[in-house]
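Asks: Residue numbers (the numbering used here), protein chains in the order written: chain A, 1 to 237; chain B, 1001 to 1237.
By construction, the Cβ of each residue, glycine as well, lies at the ideal position given by its N, Cα and C atoms.
There are 2 protein chains.
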Amino acid sequence: MRAEPFRDPKGVAKYRHEVLAVVFRVLADTPSLQVLAWQRHHEPFAGQWALPSGPVEVSETMRDAMERHLADKLDLVAVRHSEQLATLSAPLRDPAERTIATAYLGLVAEATEVVKGGAHWFDVSTLPQMAFDHDEVVRLGAHRLRGKISYSNIAFALAPDEFTLAHLREIYMGVLYHDVDVTNLGRVLTRRHQIEPTGHRTAPGQKGGRPARTYRFVEHSLHITDPFAVLRGDQKR
Amino acid sequence: MRAEPFRDPKGVAKYRHEVLAVVFRVLADTPSLQVLAWQRHHEPFAGQWALPSGPVEVSETMRDAMERHLADKLDLVAVRHSEQLATLSAPLRDPAERTIATAYLGLVAEATEVVKGGAHWFDVSTLPQMAFDHDEVVRLGAHRLRGKISYSNIAFALAPDEFTLAHLREIYMGVLYHDVDVTNLGRVLTRRHQIEPTGHRTAPGQKGGRPARTYRFVEHSLHITDPFAVLRGDQKR
DNA sequence: CCAAAAGTGTTTTGGATACACCCATGA
DNA sequence: TCATGGGTGTATCCAAAACACTTTTGG
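Printed below as a string of structure tokens:
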């Protein structure tokens, strides 16, 4: 039986509000885009995989709530960029009680592991069935990330502090899911002042090969670097 | 005195949730981007201008609630495109009681008037002081629209069904707030199959001049026409 | 010397811009 | 035929892409 909503004296309904986190990392080797999920212990959807989530407390913003839940339940504090994705309001999306949920996109660097709370990283391309509408939220997050990586410096949040161009290429390939030319990637990002050489080089691999220069992202906060695809005009009136 | 939140037996807080609508139109003559606001009658912020808003009912989605409030309070049913903008959760944004609000961007065609409910169209560039955080929401909406008009066909929702290129240019100028070249605008939108000629022409103006062809948008739903600014690769793997 | 990996140089492409010029109408 | 506004043609620009070639390393 579905719970009746709370109403205040004027008859205005009150709802449970929770935050969801779609946390992505990219493994360069495969390369693949992975999302963090954990197994539910309680009904509804007990035993199924779900995104990290939790209610919003009275004196915190939704972003605070999202960070708090990731830290408390999963010991995850290494989120390097987060932004609001969407708010879900289908009346029956939670079978127990009407719950409005705001989803956040979170990005962590490649090496990030999560040991606590039975969490697991899943390839976005082979996602298991998920609780609630969480599959849809993951797809939405992947779509947002794919769009933004082309016209912003959002990759700073997925890459380590220091990386080679070959490594960065694999991160881009994991997100975009198509081939990316290393040479041109380096030139585009350099022209846009997104990356700069550190002056260091890596040790060459076991099978030889020229040692690669390493680079870093110039900014570690989100910047739109290609603001208007077209119709730029002369920006004067 | 601030109201205490409702809590269920397990101690989970429940919140008032409302929807906000940032409804834009563009007047071609000026040209200017205008937003719909109305004057509040009750505290808090009585007498100040505010965006149309209202609570979400138990069995409706937020989009339904937004459309319902616009129709009931302002007789506005001509919204040609709407999309979710953001959800606002600052704990003190509503001085009376914690209220989480989800803002929608709505677009109507130029001629759209609103007669009911004491509503008024304001130029976004000369916005009055607004209730709550509504100024910020208007700016967010304008920013979203400005970005999207360059890489999607979103202008279909602002233009009349049939228009001349000169007219469409003024709509783009109202949104982008910089000069747009008519010739190139027509060519870009034609190449992207966003617009097509209707085969009609307008009557020439009072002072003469060649009669203009009219055009229509091919699609009347949102399509991204310039999906990846760069790093397109060959789309093969 | 060869294989492997990184990096450079150079050409090509194609959408977008700029702008000169031509066309159709009213007075 | 002139003023006004619409439309066409074309040269130019420039970021991005493609790809051949050179450099630096280990074996």
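Would you call B:L1092 buried or exposed, if buried means 16 or more other Cβ atoms sit within 10 Å of its Cβ?
Replies: By 1-based counting over the second sequence, the position of residue 1092 of chain B is 92. That one is exposed.
Asks: Taking the beta carbon of B:T1198 as the centre, do at least 16 other beta carbons fall within 10 Å, making it buried, or is it exposed?
Replies: For the purposes of this step, residue 1198 of chain B is identified with residue 198 of the second sequence, where counting begins at 1. By the neighbour-count rule (16 or more Cβ atoms within 10 Å), B:T1198 is not buried but exposed.
Asks: Would you say B:V1058 reaches chain A, if we count a Cβ-Cβ gap shorter than 8 Å as a contact?
Replies: Translated into the one-based positions of the second sequence, residue 1058 of chain B becomes position 58. So, interface residue.
Asks: Considering only residues of the same chain and omitting the five flanking positions on each side of B:S1053, which have a CB-CB separation below 8 Å?
Replies: The residue given as residue 1053 of chain B occupies position 53 in the second sequence. Cβ within range, chain order: E1018, V1019, L1020, A1021, H1069 and A1101.
Asks: Based on the DSSP output, what are the partners of B:V1019 in its beta bridges?
Replies: Position 19 of the second sequence, counted from the first residue, corresponds to residue 1019 of chain B. Per DSSP, B:G1054 and B:T1102.
Asks: Within the continuous alpha helix (DSSP H) that includes A:G199, where are the two ends?
Replies: As a position in the first sequence, residue 199 of chain A is number 199, starting the count at 1. Counting along the chain, A:G199 falls outside any alpha helix (DSSP H), though it belongs to the beta strand (DSSP E) covering I195 to R201.
Asks: Around the C-beta of A:Q235, are 16 or more other C-beta atoms found within 10 angstroms, so that it is buried, or is it exposed?
Replies: Within the first sequence, the letter at position 235 stands for residue 235 of chain A. With a pLDDT of 44 at A:Q235, under the threshold of 50, the modelled position of that residue is not reliable, and the figure given next carries that caveat. By the 10 Å Cβ count, A:Q235 comes out exposed.
Asks: Can you give the Cα-Cα distance for A:A50 and A:H120, rounded to whole angstroms?
Replies: Numbered from 1 along the first sequence, position 50 holds the residue referred to as residue 50 of chain A. Numbered from 1 along the first sequence, position 120 holds the residue referred to as residue 120 of chain A. Their backbone Cα atoms lie some 10 Å apart in a straight line.
Asks: When we look at the beta-carbon of A:Q194 and count the other beta-carbons within 10 Å, is it buried (16 or more) or exposed?
Replies: For the purposes of this step, residue 194 of chain A is identified with residue 194 of the first sequence, where counting begins at 1. With 16 or more other Cβ atoms within 10 Å, it is buried.
Asks: Which chain A residues are close to B:K1014, counting only those with a beta carbon under 9 Å from its beta carbon?
Replies: The sequence position of residue 1014 of chain B within the second sequence is 14, counting from 1. Those are P5, F6, A13, K14, Y15, R16 and H17, listed as they occur along chain A.
Asks: Using the DSSP secondary-structure output, state which residues sit across from B:V1026 in a beta bridge.
Replies: Position 26 of the second sequence, counting from 1, holds the residue named residue 1026 of chain B. Answer is B:L1033.
Asks: Could you tell me how far apart the beta carbons of A:T214 and A:R201 are, in whole angstroms, since I believe they sit closer than 8 Å?
Replies: Residue 214 of chain A sits at position 214 when you count from the first residue of the first sequence. Residue 201 of chain A sits at position 201 when you count from the first residue of the first sequence. Confirmed, Cβ separation roughly 7 Å.
Asks: Just to confirm my understanding: we take A:V137, look at its own chain, exclude 5 residues before and 5 after, and list those with CB closer than 8 Å. What are they?
Replies: Position 137 of the first sequence, counted from the start, is the residue given in the question as residue 137 of chain A. Once the five neighbours on either side are set aside, the close Cβ partners of A:V137 are L20, V22, L51, L85, A86, L88 and A103.
Asks: Would you say B:T1061 faces chain A, with C-beta separation under 8 Å as the test?
Replies: Translated into positions along the second sequence, residue 1061 of chain B becomes position 61. Yes, B:T1061 counts as interfacial toward chain A.
Asks: Do the region 151-165 of chain A and the region 57-64 of chain A make contact, defined as three or more Cβ pairs closer than 8 Å?
Replies: Short answer: they don't touch.
Asks: Please classify B:A1126 as buried or exposed, where buried requires at least 16 other C-beta atoms within 10 Å of its C-beta.
Replies: By one-based count along the second sequence, residue 1126 of chain B stands at place 126. Reading off the sequence, residue 1126 of chain B comes out as Thr, not Ala. So B:T1126 counts as exposed.
Asks: Please tell me whether A:S89 has its Cβ less than 8 Å away from any Cβ of chain B.
Replies: Position 89 of the first sequence, counted from the start, is the residue given in the question as residue 89 of chain A. Closer than 8 Å to some Cβ of chain B, the Cβ of A:S89 qualifies, so yes.
Asks: So, for B:R1191: in the same chain, excluding its five sequence neighbours on each side, which residues have a beta-carbon less than 8 Å away from its beta-carbon?
Replies: Reading the second sequence from its first residue, position 191 is the one you call residue 1191 of chain B. Same-chain partners within the cutoff: there are none.
Asks: So if I threshold CB-CB distances at 7 Å, which residues from the region 65-88 of chain A count as touching chain B?
Replies: The residues in question are Q84, A86 and T87.
Asks: With a threshold of 8 Å between beta-carbons, can B:V1102 be considered close to chain A, or not?
Replies: Locating residue 1102 of chain B in the second sequence gives position 102, where the first residue counts as 1. The question names Val, yet the displayed sequence has Thr at residue 1102 of chain B. With 8 Å as the cut-off, B:T1102 counts as an interface residue toward chain A.
Asks: Tell me, please, whether the CB atom of A:R201 is closer than 8 Å to any CB atom in chain B?
Replies: The count along the first sequence starts at 1 and reaches residue 201 of chain A at position 201. No, its Cβ sits nowhere closer than 8 Å to a Cβ of chain B.
Asks: Along the region 1097-1122 of chain B, where does the CB come closer than 7 Å to a CB of chain A? Name the residues.
Replies: Residues R1098, I1100 and T1102.
Asks: Around the Cβ of B:V1077, are there at least 16 other Cβ atoms within 10 angstroms (buried) or fewer (exposed)?
Replies: The count along the second sequence starts at 1 and reaches residue 1077 of chain B at position 77. Exposed, since its Cβ has fewer than 16 Cβ neighbours within 10 Å.
Asks: Please report the residue range of the alpha helix (DSSP H) in which B:E1136 lies.
Replies: Translated into the one-based positions of the second sequence, residue 1136 of chain B becomes position 136. It spans H1134 to Y1151 - the alpha helix (DSSP H) in which B:E1136 sits, taken as one unbroken run.
Asks: Look up A:H178 in the DSSP assignment and say whether it is helix, strand or coil.
Replies: Within the first sequence, residue 178 of chain A is the residue found at index 178, counting from 1. Coil at A:H178, not helix or strand.
Asks: So with CB distances below 9 Å, who are the chain A contacts of B:P1031?
Replies: Numbered from 1 along the second sequence, position 31 holds the residue referred to as residue 1031 of chain B. Going along chain A, no residue has its Cβ under 9 Å from B:P1031, so there is no contact; the nearest lies around 11 Å.
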